[in-house]
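Chains as they are written, first to last, in our numbering: chain A, 1 to 291; chain B, 292 to 605. Built from N, CA and C at the ideal position, the CB exists for glycine as well. Since the model is a prediction, treat every value here as computed from it, not as a measurement. Down below is the structure, laid out as C-alpha cells.
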Amino acid sequence: MKKHSSNSDKILNIFNHIILIIISICTLYPTIFVLASSFSSGSAVARGAVYLWPVEFTVEAYKVILSDIEFWMSYGNTLFYMLFGTLFSMFISILAAYALSKKRLRFRKLFNFMVAFTIWFDPGIIPKYMNFKELGFENNRIGIIVGFGVLAFNIIILRNYFEGVPKSLEESAYIDGANDFKILYKIYMPLSKASIATVTLFYAISRWNGYFWTMILIKDLDKMPLQVYLRRIIVERDALMLDSGILANAVYSPDTIIFATIIASLVPIIIIYPFIQKYFEKGIMLGGVKE
Amino acid sequence: MVSKRKHSINVGESFKKDWQLYVMLIPLFIWLVYFAYKPLYGLIIAFKDYSVFKGIADSKWVGLENFKYLLTGPGSVYFWRAFKNTIVISLYNIIFGFPIPIILAIMFNEMKNKFFRKSVQTIVYLPYFFSDVVIAGIIISILSPNIGVINNILVNLGIINDGIYFLVEPKYFRSIFVLSDIWKESGFNSIIYFAALSGISPILYEAARMDGASKFQQIKNITIPGIMPTIIIMFILRVGKLLNIGYERILLLYTPQTYEKADIISTYIYRLGLKENGMMDVATATGLFNSIIAFILVYVTNRITRKLSDTGLW
C-alpha cells in the first residue's frame, strides 16, 4: 500500500514538472517571437521564417525608432509621469496607510469604508472625464500626475502590513518622545521595505503602462506618453516612417519596427523586474487578502 | 497577535492627542473628495438632458428618459449586444481563468526543487507587468495572417492553406481575449493562493503521510480545504468585477467587424459618450447601470457565500 502510493507520487511529481515546463514555454514564447523578429530582416519576417531566433540579423528597425524624435519624447514623458506620479502616490498612500492602521484613530471604520468604496463603486468613464475637464486638468501634465494618484488597493496592502508591525516598538519610541511622523519614518518605513517596494512597483507599473486616460485627456503631441505612441504605431500603424517604399529595401519593415518598439518599451520592466520580484512576492503575501 | 491597549477617550481628546494621524489623512481626503467623490456628482447627468453649453447644473431633468432610451430606444439593440458580450466574456473568464491560478499555486507548492520552482514563477509572473498596448501588439503580431507565427505553423503543417484573419473574424475574438487574459494574469494571481498554501501546517501533511495518504489524497483533503477561505474571497472579488472587463485591451483589439462579439458595455460607453456622437447623458446612464449591477453582484455573492461557508468580505 505504502509502496504503491509513493510510486504514484513519483509519477505525479514528474507530471507536475512537465506541465510547468510547458506552461513556462507557452508564457515566454510570444515575447521570444517578438524579440527574435525585432532583430530579423523585414523580408525574413514577411516570409514567416522567424520562430525562435533572428533570421538575417539586423538592428535597422531599432535604428529607425531610436532616431525618431517622437519616440524619445514619449519615453521622456512616461518617465516624467512615472517618477513624479509614483512619488505623489507614495506620499499620500504611506501617510494614509499609517493613520488608517492605528486602532486609536477615531472613525477608523468610516475612513476605511470611504477608501474601499472607491474599489467597489466606479463612477464611470464619462463622469470622470467631465470631472477632469471641470478641474481644468485636460491636456495638463499635472492632471495626469495628480488625478491618478491613489489606488485604494495599494493603500490597503500597506495598511495591512503596518497593522502587523509590533506595537511594542512604537510604544517605546513614544516614551522616548517620538511623534507619529517620526515613528512612521524611523520605525515603520524601514521595517516595511517589502510592502513599500511592492506598492511602489504597482504604482510605477500602472503609470508606465497606462494609455487610456492619457490618450483621452492629453491632446498635445509633446505631452504624450510612450504607450500612446506605441498604440499609434501598433494599432493604427500610422507612424511617418512606416510608409514610403520601405518594403523595397526590406531590411526593416513596418512589422519589424513594431516589434522593435514593443521590445524597447519593455526594456525598463525587464531590467527592474528581477530585482523587485522577491519584494513583491513577499509584499503581496503579507498584505494581500487578509481576513 | 499584538496585545491591544484600551483607549477610552472621547472624540475631542482623540483629536487633540492624535492630531498627527488626522493630519496624515488630509492629503488622502483631499484627493478622495476631488477625484473619487466629486465625479459622483457627474452621475446626475444620467437623469438629465445634458447640454455642454448649459453645464451639469442647468441642464434639464428628464427622470429616467436616458435609461429608457438606452434599454428600449432605437440604439438599444447595441446596448443589449454589449450587455450580452460582457456577461459571456466575463463568464468565460471566470470558468477558464479563475481555477488556473489555484492549480498553478498547488503545482508550485508540490514542487520541492526550489530553484526550478522560482524560475517557473519568475516566468509566469512576468506578463502581468506588460501593458495592454504591448499585449495587443504581441497578439496582433502572432496572429497576423501574413507574418504571424500561429498562421505560419498551421500553414506549414498543412492544416490550413491560407492565413486566417483571426482578429477580423468575430467568432475568434472572445477566445483570443480570454486566452490573453489568462496569459497575463494567471501567474500573478497564483501568488495569493501560494501564500495561503504556505500557511497550512506541515503537521497535517505529516499525519496524512503516516496514515498512508497519497499525494493526490493529501491535495484533496488538506491542501484544497486549507485554501478554501482564500478561494472564496477571491471568487467574491471576481464576481464583483463581472461587469468590469479590461476594456482597455478590448479597445485596442476590436474593430467594427468584430463589434458583434467584442463590444462590451465599457467600450460601448466610450463610443457613445466620447467618440462617435457625444451622447454623454445616455453614456453616463449606461455606466451607472453597470456600476449598480456590479455593486449588487458583490453584495449578493457575499451574502450567499457567507451563508454557505461562514467566509465573506464583510
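Under 8 angstroms Cβ to Cβ from residue i, same chain only, skipping five residues before and after it: list those, please.
i	result
residue 408 of chain B	399 and 402
residue 1 of chain A	Residue confidence for residue 1 of chain A is low, a pLDDT of 43 falling below 50, so the modelled location carries little weight; the figure read from the coordinates is stated next. Once the five neighbours on either side are set aside, residue 1 of chain A has no close Cβ partner at all.
residue 506 of chain B	401
residue 358 of chain B	337, 576 and 580
residue 542 of chain B	558 and 561
residue 271 of chain A	none
Determine the contact status of residue i and residue j, defining contact as a CB-CB distance below 8 angstroms.
i	j	result
residue 226 of chain A	residue 192 of chain A	no
residue 262 of chain A	residue 428 of chain B	yes
residue 131 of chain A	residue 330 of chain B	yes
residue 43 of chain A	residue 50 of chain A	no
residue 353 of chain B	residue 338 of chain B	yes
residue 433 of chain B	residue 30 of chain A	yes
residue 465 of chain B	residue 383 of chain B	yes
residue 101 of chain A	residue 47 of chain A	no
residue 422 of chain B	residue 129 of chain A	no
residue 373 of chain B	residue 554 of chain B	yes
residue 424 of chain B	residue 23 of chain A	no
residue 496 of chain B	residue 509 of chain B	yes
residue 363 of chain B	residue 461 of chain B	no
residue 118 of chain A	residue 152 of chain A	yes
residue 176 of chain A	residue 312 of chain B	no
residue 187 of chain A	residue 170 of chain A	yes
residue 417 of chain B	residue 114 of chain A	no
residue 234 of chain A	residue 431 of chain B	yes
residue 201 of chain A	residue 84 of chain A	no
residue 60 of chain A	residue 251 of chain A	yes
residue 197 of chain A	residue 283 of chain A	yes
What residues match up with residue i in a beta bridge as DSSP calls it?
i	result
residue 340 of chain B	B/351
In terms of residues, what are the limits of the alpha helix (DSSP H) holding residue i?
i	result
residue 501 of chain B	493-501
residue 412 of chain B	405-416
residue 472 of chain B	461-489
residue 558 of chain B	556-561
residue 46 of chain A	42-46
residue 133 of chain A	125-134
residue 159 of chain A	152-163
residue 386 of chain B	Unbroken run through residue 386 of chain B: none, as it is neither H nor E.
residue 552 of chain B	550-553
residue 315 of chain A	Residue numbering for chain A in the displayed model covers 1 to 291; residue 315 of chain A lies beyond these limits and cannot be assessed.
residue 442 of chain B	440-447
residue 173 of chain A	167-175
residue 237 of chain A	From DSSP, residue 237 of chain A is part of no alpha helix (DSSP H); its letter is neither H nor E.
residue 318 of chain B	310-322
residue 296 of chain A	As shown, chain A starts at 1 and ends at 291. That puts residue 296 of chain A outside it, with no answer to give.
residue 214 of chain A	212-217
residue 224 of chain A	Element bounds for residue 224 of chain A: n/a, residue is neither H nor E.
residue 398 of chain B	390-401
residue 195 of chain A	193-209
Taking 7 angstroms as the limit between beta carbons, can you name the residues of its chain near residue i, skipping five residues before and five after?
i	result
residue 204 of chain A	82 and 86
residue 463 of chain B	457
residue 574 of chain B	560, 563 and 564
residue 533 of chain B	381, 585 and 588
residue 377 of chain B	534, 536, 555 and 556
residue 73 of chain A	222
residue 147 of chain A	132 and 137
residue 301 of chain B	none
Got a sec? Which residues, its chain only, sit under 6 angstroms from residue i by beta carbon, not counting five neighbours each side?
i	result
residue 491 of chain B	517
residue 45 of chain A	37, 255 and 256
residue 480 of chain B	392
residue 326 of chain B	none
residue 592 of chain B	527 and 530
residue 58 of chain A	41 and 251
Near-chain A residues of the region 385-408 of chain B (beta-carbon distance less than 7 angstroms), N- to C-terminal order:
Residues 398, 401 and 402.
Output, in sequence order along the chain, the residues in the region 121-150 of chain A whose CB is closer than 9 angstroms to any CB in chain B.
Those residues of the region 121-150 of chain A that come within reach of chain B (Cβ to Cβ, closer than 9 angstroms) are 121, 122, 123, 124, 125, 126, 127, 128, 129, 130, 131, 132, 134, 135, 146, 147, 148, 149 and 150.
Pull out every residue of the region 101-114 of chain A whose Cβ sits closer than 8 angstroms to any Cβ of chain B, in chain order.
Of all residues in the region 101-114 of chain A, those with a C-beta nearer than 8 angstroms to a C-beta of chain B are 102, 103, 104, 105, 106, 111 and 114, reading in chain order.
Members of the region 52-66 of chain A that neighbour chain B once the beta carbon cut-off is set at 9 angstroms:
Cβ contacts with chain B: none found.
Members of the region 336-350 of chain B near chain A, C-beta cut-off 8 angstroms
Here the close residues are 336 and 347.
Going along the chain, which residues of the region 492-503 of chain B sit with their C-beta nearer than 8 angstroms to a C-beta in chain A?
The residues in question are 503.
If contact means a Cβ-Cβ distance below 7 angstroms, which residues of the region 170-182 of chain A contact chain B?
Of all residues in the region 170-182 of chain A, those with a C-beta nearer than 7 angstroms to a C-beta of chain B are 179, 180 and 181, reading in chain order.
Any residues in the region 513-535 of chain B with a beta carbon nearer than 8 angstroms to a beta carbon of chain A? Which ones, in chain order?
Answer in chain order: 520, 521, 524, 525, 531 and 535.
Relative to chain A, which residues along the region 368-383 of chain B have a C-beta separation below 8 angstroms, given in chain order?
For the region 368-383 of chain B, the set of residues with a beta-carbon nearer than 8 angstroms to any beta-carbon of chain A is empty.
Select from the region 205-221 of chain A all residues with a C-beta closer than 8 angstroms to any C-beta belonging to chain E, and list them in chain order.
The chain labelled as chain E is not found among the protein chains of the depicted structure, namely A and B.
Within 9 angstroms of chain A by C-beta, residues of the region 566-588 of chain B in sequence order
Listed in chain order, the positions of the region 566-588 of chain B with a beta carbon within less than 9 angstroms of a beta carbon of chain A are 571, 572, 574, 575, 577, 578, 579, 581, 582, 583, 585 and 586.
Would you list, in chain order, the members of the region 549-565 of chain B that have their beta-carbon closer than 8 angstroms to a beta-carbon of chain A?
Correct list: 557, 560, 561, 564 and 565.
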